[in-house]
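To keep things clear, I will list the structure first and then write my remarks on it.
Chains as they are written, first to last, in my numbering: chain A, 2 to 244; chain B, 6 to 441.
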């Protein structure tokens with residue numbers, strides 16, 4: 002069976018800066034995969050390449066066998082990307098925003114009404130969905146954006162730092178929603194985070210990335226065992242020390 | 006098609022619901038122009054009233070009989086203060102104590118000169134207390150009366166001379182022996198109308214067309230720049246670019262949404278400006294009963310179609326250009342500043358061609374103007390108006406070619422990562438220049 006994600010020797014240079022230096026990893030269908038590493042490790046660059054936003058300098062990235070550079074439009078039909086600093090249209094209501102987004106996925110398999118119902122439940126914003134987005138708090142916006150990313154049941158959800166900058170209550174809601182929803186619906190999910198405990202809680206398998214290369218890959222328990230660590234944070238520190 | 010509709014609806018909602026755009030582009034012209042028009046109308050009406058009720062003062066040094074009939078004429082239907090004084094200096098002092106704005110000074114010898122057939126001199130003094138238009142124009146009212154009196158006095162004297170000599174002639178023909186009349190030739194048709202009257206008639210179109218084009222372009226550029234910059238500022242662009250919709254559809258949605266909102270803004274401006282013109286110049290009498298159709302200058306259906314096509318293509322090119330520039334900025338303010346440079350090639354030809362014909366300009370200036378695509382937008386509208394369809398089509402072809410190039414560049418930017426990664430900075434520009 003074809004892998005949901007196949008990334009091979011991915012290199013990306015921004016001028017003189019090497020953001021990725023030959024990263025390789027693969028994600029299986031219906032797997033929740035975490036890409037963890039510190040700021041500037043190359044997580045977001047990898048996710049943006051997989052989301053067809055930027056092209057790699059060399060190497061390739063495939064989503065369900067579709068090369069994201071050769072067939073970006075076909076790849077976009079299968080993915081749903083939630084950027085780290087994403088925003089929503091300030092002058093639309095939450096519901097109008099979800100309606101606008103659902104319209105692009107109205108391909109006959111699921112109706113817009115079904116997607117909206119799903120979106121309402123995922124966001125948990127209830128009556129506040131009728132208000133304009135400009136009045137939302139950061140946590141409410143993130144919940145709306147997560148609902149947007151998941152409501153159409155994508156084959157691959159790409160979530161960049163889904164709880165970054167949120168307070169505990171919103172962060173817990175977002176984490177629980179992701180875990181419940183993707184496991185129940187069988188959505189393959191790629192999560193990037195520098196919060197290693199969060200990744201340990203959410204992901205089946207993880208890859209540790211540092212300075213543009215994957216330095217270790219496996220299930221959280223495999224990585225803990227491999228580096229003799231109590232948690233992924235310690236495992237990461239050990240992996241970079243051995244580097 | 007459904008996706009494009011969604012994108013256009015979203016664009017319109019986002020732009021129209023933005024208070025800055027709703028207030029600045031749509032509501033302000035609808036409120037500001039009528040207020041300006043009313044203010045101007047009130048000021049003009051008060052000026053007209055003041056001029057109509059302007060009073061004169063008269064200081065007469067002449068004691069002859071002829072001056073009496075002149076003064077009787079001046080006193081009729083006017084408020085006149087008679088100044089009694091021993092000298093002109095004293096009369097001037099007394100005149101300033103009255104509320105009259107003009108002093109008519111009749112010098113000694115007036116009657117004698119008129120009787121002898123020598124020029125009789127009168128002098129007008131205007132008292133400029135506040136330097137208002139009413140004060141500076143006040144001598145004109147009494148000058149008009151004097152000129153009229155002078156005309157009939159001369160006709161009467163000429164009649165007397167003709168009678169004395171026993172000749173037969175028209176007194177008016179002796180006073181002005183040569184008379185000229187003017188006619189205009191338009192598209193080969195001779196019209197018994199002075200060219201100045203024709204200019205008055207077409208001035209509206211020759212100024213309105215460039216101004217309308219300029220307004221729509223300015224609004225459209227602002228809309229497009231705001232639309233892209235808002236996506237970047239609000240961090241919605243990345244999500245938009247990962248949706249399962251063609252990048253060209255996204256570009257099309259941006260263009261269509263911006264065009265619709267800018268047309269709304271231009272309509273609001275024209276409506277407000279129309280009200281301003283009507284109310285501000287309501288006092289002005291109708292100069293001519295001619296119509297553009299009457300003199301063969303009306304727009305035919307084909308001409309209307311050409312003007313419409315021309316404005317549409319011009320809009321698309323300006324929007325695409327604004328989009329190309331605005332991707333280099335991360336904020337609405339930055340994008341608007343960056344796209345502000347586009348106003349130069351729009352304003353310069355519009356202002357020059359509003360008052361001049363391109364063929365009257367020096368050759369170098371003609372070539373410079375013709376190289377600017379937006380010159381052709383104005384020329385095409387003017388040519389369509391004059392029924393010169395081949396010239397209009399040539400101008401439209403030029404702007405179309407330019408639009409295709411700009412759209413191609415915009416499409417390239419939209420289909421690559423440049424839309425997300427391009428940034429304009431002075432450092433970047435410096436590095437680029439150094440590399441060259």
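All residues carry an ideal CB built from backbone N, CA and C; glycine is no exception.
Exposure of residue i, with buried meaning 16 or more beta-carbon neighbours within 10 Å
i	result
residue 17 of chain A	exposed
residue 104 of chain B	exposed
residue 292 of chain B	Here residue 292 of chain B scores only 49 on pLDDT, less than 50, and its place in the model should not be relied on; the value that follows carries that caveat. It is exposed - the Cβ of residue 292 of chain B has fewer than 16 other Cβ atoms within 10 Å.
residue 231 of chain A	exposed
residue 28 of chain B	exposed
residue 141 of chain A	buried
residue 155 of chain A	buried
residue 101 of chain B	exposed
residue 426 of chain B	exposed
residue 40 of chain B	exposed
residue 190 of chain B	exposed
residue 437 of chain B	Low confidence applies to residue 437 of chain B: its pLDDT is 48, below 50, so where it sits in the model is not reliable, and the reading given next is rough at best. Under this definition residue 437 of chain B is an exposed residue.
residue 271 of chain B	buried
residue 246 of chain B	buried
residue 236 of chain A	buried
residue 10 of chain A	exposed
residue 181 of chain A	exposed
residue 53 of chain A	buried
residue 443 of chain B	Lying outside 6 to 441, the shown extent of chain B, residue 443 of chain B is not represented and no answer is given.
residue 307 of chain B	exposed
residue 313 of chain B	exposed
residue 321 of chain B	buried
residue 180 of chain B	exposed
Whether residue i touches residue j by CB criterion (9 Å)
i	j	result
residue 129 of chain B	residue 110 of chain B	yes
residue 103 of chain A	residue 83 of chain A	no
residue 234 of chain B	residue 331 of chain B	yes
residue 252 of chain B	residue 419 of chain B	yes
residue 143 of chain A	residue 167 of chain A	yes
residue 266 of chain B	residue 219 of chain B	no
residue 151 of chain A	residue 119 of chain A	yes
residue 80 of chain A	residue 64 of chain A	yes
residue 120 of chain B	residue 62 of chain B	no
residue 6 of chain A	residue 27 of chain A	yes
residue 258 of chain B	residue 32 of chain B	no
residue 191 of chain A	residue 224 of chain A	no
residue 33 of chain A	residue 23 of chain A	no
residue 248 of chain B	residue 77 of chain A	yes
residue 15 of chain B	residue 228 of chain A	no
residue 130 of chain A	residue 88 of chain A	no
residue 115 of chain B	residue 72 of chain B	yes
residue 379 of chain B	residue 396 of chain B	no
residue 343 of chain B	residue 230 of chain B	yes
residue 206 of chain A	residue 220 of chain A	yes
Reference residue i; option with closest CA among the options
i	options	result
residue 41 of chain A	A:231, A:14 and A:30	A:14
residue 217 of chain B	B:199, B:387 and B:8	B:387
residue 194 of chain A	A:85, A:90 and A:147	A:85
residue 309 of chain B	B:391, B:121 and B:155	B:391
residue 415 of chain B	B:325, B:99 and B:64	B:325
residue 153 of chain A	A:210, A:127, A:122 and A:128	A:122
residue 404 of chain B	B:152, B:311 and B:11	B:311
residue 47 of chain A	A:222, A:130, A:174 and A:162	A:162
residue 90 of chain A	B:360, B:232 and B:264	B:232
residue 132 of chain A	A:74, A:96, A:223 and A:38	A:96
residue 60 of chain B	B:85, B:16 and B:48	B:85
residue 409 of chain B	B:323, B:126 and B:178	B:323
**Every unbroken beta strand (DSSP E) within the region 14-82 of chain A, with a cutoff of 3 residues, ordered by chain** = Within the region 14-82 of chain A, the complete beta strand (DSSP E) runs of at least 3 residues are 18-28, 33-37 and 59-64.
**Asked** What residues from the region 78-101 of chain A come within 8 Å of chain B, judged by C-beta to C-beta, listed N to C?
**Response** Close to chain B, meaning a Cβ-Cβ distance shorter than 8 Å, are the following residues of the region 78-101 of chain A: 78, 80, 81, 82, 83, 84, 86, 87, 88, 89, 90, 91, 92, 93, 97 and 101.
**Interface positions of the region 44-60 of chain A facing chain B (Cβ-Cβ less than 8 Å), listed along the chain** = Considering only beta carbons, the part of the region 44-60 of chain A lying closer than 8 Å to chain B consists of 49, 52, 53, 54, 55 and 56, in chain order.
**Whole beta strand (DSSP E) elements within the region 106-191 of chain A, 3-residue minimum** = If we require 3 residues or more, the beta strand (DSSP E) runs fully inside the region 106-191 of chain A come out as 157-161.
**Start-end ranges of the beta strand (DSSP E) lying completely within the region 45-96 of chain B, minimum 3 residues** = Runs of beta strand (DSSP E) with 3 or more residues, each lying fully within the region 45-96 of chain B, are found at 61-65 and 85-87, listed in chain order.
**Message:** Please give the ranges of any alpha helix (DSSP H) in the region 373-429 of chain B, keeping only runs that are unbroken, at least 4 residues long and fully inside the region.
**Reply:** If we require 4 residues or more, the alpha helix (DSSP H) runs fully inside the region 373-429 of chain B come out as 378-390, 394-420 and 423-426.
**Item:** Residues from the region 13-28 of chain B in contact with chain A, defined by Cβ distance under 7 Å
**Value:** The residues in question are 15, 18, 19, 22 and 23.
**Prompt:** In the region 121-176 of chain B, which residue ranges form an unbroken beta strand (DSSP E) of at least 3 residues, counting only runs that do not cross its ends?
**Reply:** Within the region 121-176 of chain B, the complete beta strand (DSSP E) runs of at least 3 residues are 127-131.
**Asked** Using Cβ-Cβ distances below 8 Å, what residues of the region 243-258 of chain B are close to chain A?
**Response** Of all residues in the region 243-258 of chain B, 243, 244, 246, 247, 248, 249, 250 and 251 have a Cβ within less than 8 Å of some Cβ in chain A.
**Item:** Near-chain B residues of the region 103-128 of chain A - C-beta to any C-beta below 8 Å
**Value:** Under the 8 Å Cβ criterion, the region 103-128 of chain A contributes 104, 105, 106 and 107.
**Prompt:** At a Cβ cut of 9 Å, what residues of the region 367-395 of chain B count as close to chain A, listed as they run along the chain?
**Reply:** Going along the region 367-395 of chain B in chain order, one finds no residue with a Cβ nearer than 9 Å to chain A.
**Cβ-based contacts, 7 Å cut-off: residues of the region 62-78 of chain A near chain B** = Residues 74, 77 and 78.
**Message:** Report the start-end ranges of each beta strand (DSSP E) in the region 303-375 of chain B that is 3 residues or longer and not cut off at the edges.
**Reply:** Fully enclosed beta strand (DSSP E) runs of 3 or longer: not present.
**Asked** Residue ranges of each alpha helix (DSSP H) run of no fewer than 4 residues wholly in the region 219-273 of chain B, ordered along the chain?
**Response** Counting whole runs of 4 or more residues, the region 219-273 of chain B contains the alpha helix (DSSP H) stretches 242-246.
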